[in-house]
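Enquirer: Below is the structure I would like to discuss, written out as structure tokens.
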Amino acid sequence: MALIGIVFFALMLLGAPIAFAIGISGFTFFLTSDIMPVSIGVQKIATVSQSFPLLAVPFFVLAGHLMNESGITDRLFTFSKVAVGWMAGGLAQVSIILSTLMGGVSGSAVADAAMEARVLGPQMISNGYSKGYSSAVIAMSSLITATIPPSIGLILYGYVGQVSIGRLFMAGIVPGVLMMAFLMVAAWLVARKRNYVMSDMRKPTAGELGRAAWGAKWALLFPVLLIGSIRGGLFTPSEVGAFAVVYAILVGVFAHRVMTFETIKRAFGHALSDIGLIMLIILMSGMIGFAIIFLQVPQSVAGFMLESLANPVLIVTVILIGLFIAGLFFESTILVLLLTPILVPVVVKAGVDPVHFGILMMTIVTFGGMTPPVGVAMFTVCSLLDTKIEDYVKESWPFIAAIMALVALLLFVPGIVLFLPNLMYG
């Protein structure tokens, strides 16, 4: 296992594409093994591609791009602006609300951050918000998509760790809403101190809020349909991904009347690029996943941690600290694919619910995308808004504190995470 790790880190340092770094390091195990022929490694790649639950990933990625082309994003933005635009830091609050609503659409933190940087970023800066504050709000609020269904990360965690994706989707709702609330408070405190107020906005009447909600009804209805259809047994998570694709096209063509053949073609083009990248990483990780299980790494790690630490909360805390450090250097998808088969058996043996741990893990590893040195969401937003990284880091501390406070709350009070899945599934 040490050789696999050395090869992987060496390739990453040399700047090799992530999928190739994973694939070559996985092949290293089979090339150096006295028992396993290389043909088994090829079979493992093929085996991963034959997974029915994994179909949820390309379907939801495609659905997200189609929804962006269907007018759903514009209507969600209008609703969010009417609902919270009047508050101190109104546009920052809009960004946070929009991330919560878009979490049920895009399922991707980077996609959400890029979209909001293009739509909201220039408005925030033109209204007197500093570039650092604007970038920090947009990047940090995109973390909400890590738990709000249909989070791509939760789908991968459930698939690799053999954990119910339906329960994970249910478990992510309350933490996602709480993250929205924590970030809104942080944004409000900073904005109030700096007098970031939009003079042309006022508190909406019930009628204005109702009209804005009605205008975004198809977007607001989607997460309800998604959760309801899974819980009601109408669709599996993979099938509901296909339903989301059809739903986005129907809304864009017949309800909003903005989707054309050209917009559908553009959405498919963007989705194919994203799907190809994600699926290549997933396929290559099949070999390392097999090597991890064959070498009994989960059992060794579990034995070591359970001997050293007795308290389940302390065990999870140590794991989360390790994940946070790893998340500073590696993209969340890689960490989920490589570490889930190691960590899930550990937490299960420690007596921790894997659904509870999954929400904590996804929050922490996705959080790395918003922080230096290699945060993808951070660099995406800062490049789009021409923000210096040092300004971003300086302005992000209130939001980092809010997220850490929430993670601590979810860690010590697991009922917050498990309430909905236990209620719905028993």
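full-length UniProt numbering numbers the first residue of the sequence shown as 1 and each following residue consecutively.
Even for Gly, the Cβ is constructed at its ideal location relative to N, Cα and C.
Just so we're clear, the structure is a prediction, and the values are computed from it rather than from any experiment.
#1: Relative to the C-alpha of LEU338, which residue among ALA326, VAL348 and LYS349 is closest?
#2: Around the C-beta of ASN68, are 16 or more other C-beta atoms found within 10 angstroms, so that it is buried, or is it exposed?
#3: Using the C-alpha atoms, what's the distance from LEU420 back to ILE165?
#4: Indicate whether LEU62 and ALA219 have their beta-carbon atoms separated by less than 8 Å.
#5: When we look at the beta-carbon of TYR425 and count the other beta-carbons within 10 Å, is it buried (16 or more) or exposed?
#6: List, from N- to C-terminal side, the alpha helix (DSSP H) runs of 4 residues or more that fit wholly inside the segment 328 to 402.
#7: Residue range of the alpha helix (DSSP H) that TYR425 falls in?
#8: Rounded to whole angstroms, what's the CA-CA distance from TYR133 to ALA408? Just pull it up for me.
#9: ALA305: which of VAL318, SER142 and PHE294 sits nearest, CA to CA?
#10: Tell me the rounded alpha-carbon separation between THR380 and ASP34.
#11: Assign GLU116 to buried or exposed, taking buried as 16 or more other Cβ atoms, counted over all protein chains shown, within 10 Å of its Cβ.
#12: Nearest-angstrom Cα distance between LEU226 and ILE6?
#13: Does the Cβ-Cβ distance between PRO223 and ILE230 come in under 8 Å?
#14: Thinking GLY153 and SER332 are a contact (beta carbons under 8 Å), I'd like their distance in whole angstroms, please.
#15: Taking just the CA atoms, how far does ILE389 sit from PRO372?
#16: Which same chain residues end up closer than 7 Å to ALA302 when comparing Cβ atoms and leaving out the 5 residues on each side of it in sequence?
#17: Whose C-alpha, out of VAL57, PRO37 and MET180, is nearest the C-alpha of ILE282?
#18: Measuring CB atoms only, is the segment 39 to 56 touching the segment 182 to 194, in the sense that at least three cross pairs come out at less than 8 Å?
#19: Return the chain-ordered list of same chain residues with a C-beta closer than 6 Å to the C-beta of THR100, the five sequence neighbours on each side being excluded.
#20: I need the straight-line Cα distance from VAL253 to THR73, nearest angstrom please.
Expert: Taking the structure as given:
#1: Start at 1 with the first residue of the sequence shown, and residue 338 comes out as number 338. Answer by Cα proximity: ALA326.
#2: Here residue 68 corresponds to residue number 68 of the sequence shown, with the count starting at 1. With 16 or more Cβ atoms within 10 Å of its Cβ, ASN68 is classed as buried.
#3: Counted from its first residue, the sequence shown places residue 165 at position 165. Counted from its first residue, the sequence shown places residue 420 at position 420. Going by the C-alpha atoms only, they are around 13 Å apart.
#4: Here residue 62 refers to the residue found at position 62 when the sequence shown is read from its first residue. Here residue 219 refers to the residue found at position 219 when the sequence shown is read from its first residue. Going by C-beta atoms, LEU62 is not nearer than 8 Å to ALA219.
#5: On the sequence shown, position 425 is the one that residue 425 refers to. An exposed status is given to TYR425, since fewer than 16 other beta-carbon atoms sit within 10 Å of its beta-carbon.
#6: 332 to 349, 354 to 367 and 376 to 385
#7: Here the question's residue 425 lines up with position 425 in the sequence shown. Start and end: 415 to 425.
#8: On the sequence shown, residue 133 is found 133 positions in, with the first residue counted as 1. On the sequence shown, residue 408 is found 408 positions in, with the first residue counted as 1. In this structure, the straight-line span from the alpha carbon of TYR133 to that of ALA408 is close to 24 Å.
#9: As a position in the sequence shown, residue 305 is number 305, starting the count at 1. Just to set this straight, residue 305 is Met in the shown sequence, not Ala. Out of VAL318, SER142 and PHE294, VAL318 has the C-alpha closest to the C-alpha of MET305.
#10: On the sequence shown, position 380 is the one that residue 380 refers to. On the sequence shown, position 34 is the one that residue 34 refers to. If you draw a straight line from the Cα of THR380 to the Cα of ASP34, it is about 45 Å long.
#11: For the purposes of this step, residue 116 is taken as residue 116 along the sequence shown, with counting starting at 1. Classification of GLU116: buried, given that the 10 Å Cβ count is 16 or more.
#12: By 1-based counting over the sequence shown, the position of residue 226 is 226. By 1-based counting over the sequence shown, the position of residue 6 is 6. In this structure, the CA atom of LEU226 is about 42 Å from the CA atom of ILE6.
#13: In the sequence shown, the residue the question calls residue 223 occupies position 223. In the sequence shown, the residue the question calls residue 230 occupies position 230. Not closer than 8 Å, so no.
#14: The residue labelled residue 153 in the question sits at position 153 within the sequence shown. The residue labelled residue 332 in the question sits at position 332 within the sequence shown. Confirmed, about 6 Å.
#15: As a position in the sequence shown, residue 372 is number 372, starting the count at 1. As a position in the sequence shown, residue 389 is number 389, starting the count at 1. Their backbone Cα atoms lie some 8 Å apart in a straight line.
#16: The residue given as residue 302 occupies position 302 in the sequence shown. Excluding residues within five positions, the ones whose Cβ falls inside 7 Å are PRO345, VAL346 and LYS349.
#17: Counting from one through the sequence shown, the residue named residue 282 turns up at place 282. Nearest C-alpha to ILE282: VAL57.
#18: Verdict: no, contact absent.
#19: Here residue 100 refers to the residue found at position 100 of the sequence shown. The residues are ILE144 and MET180.
#20: The residue given as residue 253 occupies position 253 in the sequence shown. The residue given as residue 73 occupies position 73 in the sequence shown. Rounded to whole angstroms, VAL253 to THR73 spans 15 Å at the Cα level.
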